[in-house]
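Oh and the sequence shown: position 165 is 168 in the numbering used here, straight run, nothing missing. Ideal Cβ placement from N, Cα and C applies to all residues, glycine included. Nothing here was measured: the structure is a model prediction, and the numbers come from that model. Read through the structure below, which is laid out as structure tokens, and then see the notes.
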Amino acid sequence: MLLAVDVGNTQTVIGIYDGERLADHWRVATEPRRTGDELGVMLAGFFELGRVSGVCLSSTVPALVRAYEHLAERWAAAPLLVVGPGTRTGMVIRVDDPRQLGPDRIVNAVAASARYSLPCIAVDFGTSTNFDAVSRKGEYLGGVLAPGIEISMDALFARAARLTKVDFVEPPTVIGKTTAACLQAGLVYGFAGQVDGIVERMDAELGG
Numbered sequence: 004m005l006l007a008v009d010v011g012n013t014q015t016v017i018g019i020y021d022g023e024r025l026a027d028h029w030r031v032a033t034e035p036r037r038t039g040d041e042l043g044v045m046l047a048g049f050f051e052l053g054r055v056s057g058v059c060l061s062s063t064v065p066a067l068v069r070a071y072e073h074l075a076e077r078w079a080a081a082p083l084l085v086v087g088p089g090t091r092t093g094m095v096i097r098v099d100d101p102r103q104l105g106p107d108r109i110v111n112a113v114a115a116s117a118r119y120s121l122p123c124i125a126v127d128f129g130t131s132t133n134f135d136a137v138s139r140k141g142e143y144l145g146g147v148l149a150p151g152i153e154i155s156m157d158a159l160f161a162r163a164a165r166l167t168k169v170d171f172v173e174p175p176t177v178i179g180k181t182t183a184a185c186l187q188a189g190l191v192y193g194f195a196g197q198v199d200g201i202v203e204r205m206d207a208e209l210g211g
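Right, here's the structure in full:
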């Protein structure tokens, strides 16, 4: 079985693949100071590490790469692939400096191109909202980075003393009748409009 790990700045998504099938997945908080042994103890509570035959890691937190190397070596006894500059994915990277490209954006583009017709756009909601474009030829062309939902909410509520934090859920109407409903409408429909607008403009450039 393949252990696939996507380490983001705030959350880590862990998946177990049985061949092409995603057998199970989990989402945990990213802790930059977590050790390889701590990771091993945590993951052993989710599944049997002895069944893992390979580990694939995408991490935007460099400090955790060593911990996952230890996890793969000691706990899983399995080879580890760390996605990064120079990783051969079969996708041509058409950006000015490929070394600046985050591994999460690479794997998103590769996965989207494998699952959907080309050209395509991958959208990933995390600490930042990432939009990544793949050409009709299957080449990575670049994309857009925008502030993420959670970080935008935190900034808004931290700077507006009279506003209280609300859940990110769709309100019953766009026109809110309470402050909470107005905030929810702005957050939900604001980000939906952002995604629609950016994707529409990217699609026009892609000629999709």
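Check                                                                                                                            : Outcome
Can you say whether A79 is buried or exposed, counting buried as having 16 or more other CB atoms within 10 angstroms of its CB? : buried
For P175, which of P88, M4 and Y192 has the nearest alpha-carbon?                                                                : Y192
Who does D21 pair with in a DSSP beta bridge?                                                                                    : R24
C36 to L209, Cα distance in whole Å?                                                                                             : According to the sequence provided, residue 36 is Arg. The question's Cys does not apply to it. Going by the C-alpha atoms only, they are around 41 Å apart.
Kindly indicate the opening and closing residues of the beta strand (DSSP E) around V55.                                         : Taken as a continuous stretch (DSSP letters only), V55 belongs to no beta strand (DSSP E), as it is neither H nor E.
Which same chain residues, not among the five before or five after I96, have their C-beta less than 7 Å away from its C-beta?    : L104 and Y143
Between which two residues does the alpha helix (DSSP H) containing Y71 stretch?                                                 : V68 to H73
According to the Cβ coordinates, are S61 and V86 closer than 7 Å?                                                                : yes
On the three-state DSSP scale, how would you describe Y143?                                                                      : strand
Give the straight-line distance between the Cα atoms of I19 and T182, rounded to the nearest whole angstrom.                     : 42 Å
Can you tell me which residues form a DSSP beta bridge with T132?                                                                : F128 and A149
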